[in-house]
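What follows is a short report on a single structure.
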Amino acid sequence: MKIIGATAHFVNNDLDEGPIIMQDVINVDHTYTADEMMRAGRDVEKNVLSRALYRVLAQRVFVYGNRTVIF
1 MKIIGATAHF VNNDLDEGPI IMQDVINVDH TYTADEMMRA GRDVEKNVLS
51 RALYRVLAQR VFVYGNRTVI F
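For what it's worth, the UniProt record's numbering labels the leading residue of the sequence shown as 1, then goes sequentially.
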């Protein structure tokens, strides 16, 4: 079994090292074609981004140091 995942995080000066807002993974297996994996990856990215944006815009995410607190 393999997984595909996505992370939404705040941007800082270091590549991919900002405080994490939301993460998720989905399971994939050997039956997936390259196109199906691409679609699955896009789907998990869209879901993570929309859930992260909702929480940030609803002011449910606070940054403390290099960490996030989510309510």
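Backbone N, C-alpha and C define an ideal beta-carbon position, used for all residues, glycine too. If you're wondering where the values come from, they're calculated on a predicted model, not measured in any experiment.
Beta-carbon spacing of ILE26, ALA40 below 8 Å: yes
Identity of the residue in VAL44, ARG51 and ILE21 nearest ILE4 by Cα: VAL44
For the candidate residues PHE62, GLY65, LYS46 and ALA34, whose alpha-carbon lies nearest to that of residue 106? An answer regarding residue 106 cannot be provided, because it is not within the stretch 1 to 71 covered by the chain.
Tell me which residue opens and which closes the beta strand (DSSP E) that ALA58 is part of. Unbroken run through ALA58: none, as it is neither H nor E.
Just the Cα atoms here: how many angstroms apart are MET38 and TYR32? 10 Å
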